[in-house]
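According to the numbering used here, the sequence shown is numbered sequentially starting from 1.
Where a beta carbon is used, it is the ideal one built from N, C-alpha and C, also for glycine.
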Amino acid sequence: MNFEKLEQLYEGKAKRVYATQDPEVVIVSYKDDATAFNGLKKGTITGKGAINNRMTNNLMRRLEEKGVPTHYIQELSDRETAVKKVAIVPLEVIIRNISAGSFSKRYGVEEGIVFEAPTIEFSYKNDDLGDPLLNDYHALALKLATAGEIELIKKYAFAVNELLKVFMKEIGIDLVDFKLEFGKTADGTIVLADEISPDTCRLWDETTHEKLDKDRFRRDLGGAEEAYEEVMRRLMGEQ
Ligand code: TMP
Ligand code: ASP
1 MNFEKLEQLY EGKAKRVYAT QDPEVVIVSY KDDATAFNGL KKGTITGKGA INNRMTNNLM
61 RRLEEKGVPT HYIQELSDRE TAVKKVAIVP LEVIIRNISA GSFSKRYGVE EGIVFEAPTI
121 EFSYKNDDLG DPLLNDYHAL ALKLATAGEI ELIKKYAFAV NELLKVFMKE IGIDLVDFKL
181 EFGKTADGTI VLADEISPDT CRLWDETTHE KLDKDRFRRD LGGAEEAYEE VMRRLMGEQ
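Structure representation (structure tokens):
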């Protein structure tokens, strides 16, 4: 299919979204811009846009094959992909397999504790409020999604975790935690949307425990570009 890039509909912190001639299809264009702490920290990770685009598409295609519906349609170029137009459900869905980040901070525990079972939490996707944590009842009260949609989102999120853990283990990476977003297509179908990349996952080398993700930028560890390239190299080498 040939998708024509028309007017910009939206600009987020890491991506721009454009209309196409098909009202049910948009084009996402990934930027090299990196932010952390709700946009307070700003920078660039050179090459990140192209890596996140290609990595997200690789993973979404494989998830789709395993029965998880996604917004993915077609990779158009290094940085651009055609996806189904969705209304994003304003929930950030976070799954954790190992303690790290805000979990460690909130509960006062070290990073690296391997959980017996994964945890799930929701944040209200609202930059003005700083993406506050909420539970199913709050999400229902705020009419962010229906009870049925929340159940489906949880089911898909845990299914993504099981698959993604395997995909990462195959390339010598422990999947520590990650954030997903879901969207609703015109006919009301819930699909996995947004991205799956080192921006949105914590990825640790299984032997050295080296951080291969955006924590290198968030925590000023250096070597963010190299870390993104390393994950990409391992992932594409497996194809
Ligand atoms: P956290 O430990 O800071 O709550 O992050 C959990 C996971 O979610 C981690 O893999 C990074 C990802 N994440 C995002 O993708 N976007 C965000 O805005 C935040 C805060 C976290
Ligand atoms: N995406 C978030 C922001 O800009 C934060 C993060 O990934 O840590 O602020």
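Where residue i and residue j are concerned, what is the direct C-alpha to C-alpha distance, given to the nearest angstrom?
i, j, result
"residue 145", "residue 130", "19 angstroms"
"residue 225", "residue 69", "30 angstroms"
"residue 211", "residue 104", "16 angstroms"
"residue 119", "residue 96", "5 angstroms"
"residue 139", "residue 147", "9 angstroms"
"residue 168", "residue 55", "12 angstroms"
"residue 229", "residue 198", "10 angstroms"
"residue 13", "residue 206", "30 angstroms"
"residue 41", "residue 222", "15 angstroms"
"residue 202", "residue 209", "11 angstroms"
"residue 143", "residue 237", "43 angstroms"
"residue 204", "residue 112", "10 angstroms"
"residue 156", "residue 67", "9 angstroms"
"residue 2", "residue 77", "12 angstroms"
"residue 176", "residue 158", "14 angstroms"
"residue 174", "residue 8", "37 angstroms"
"residue 38", "residue 15", "15 angstroms"
"residue 128", "residue 65", "37 angstroms"
"residue 71", "residue 186", "12 angstroms"
"residue 150", "residue 136", "7 angstroms"
"residue 188", "residue 23", "15 angstroms"
"residue 232", "residue 75", "16 angstroms"
Since residue i contacts residue j with CB under 8 angstroms, what's their CB separation in whole angstroms?
i, j, result
"residue 160", "residue 180", "6 angstroms"
"residue 53", "residue 79", "5 angstroms"
"residue 178", "residue 200", "6 angstroms"
"residue 184", "residue 34", "Contact flag wrong, Cβ pair sits at about 28 angstroms."
"residue 153", "residue 109", "The pair is not a contact, with the Cβ atoms about 27 angstroms apart (cut-off 8 angstroms)."
Among residues of its own chain, excluding the 5 on either side of residue i, which ones have a beta-carbon nearer than 8 angstroms to its beta-carbon?
i, result
"residue 32", "44, 45, 46, 47, 48, 49"
"residue 115", "96, 97, 98, 99"
"residue 6", "18, 19, 20, 21"
"residue 62", "163, 167"
Between residue i and the rest of its own chain, which residues show a CB-CB distance below 7 angstroms, the 5 nearest in sequence each way excluded?
i, result
"residue 73", "25, 82, 83, 84"
"residue 235", "55, 58, 171"
"residue 219", "none"
"residue 4", "20, 21"
Can you list, in chain order, the residues of its chain with a C-beta nearer than 6 angstroms to that of residue i? Leave out the 5 residues immediately preceding and following it.
i, result
"residue 59", "196"
"residue 10", "17"
"residue 132", "124"
"residue 227", "212, 216"
"residue 134", "122, 124"
"residue 30", "15, 49, 52, 53, 79"
"residue 36", "218"
Counting beta carbon pairs with one atom in the stretch 86 to 102 and one in the stretch 189 to 196, are three or more of them shorter than 8 angstroms? yes
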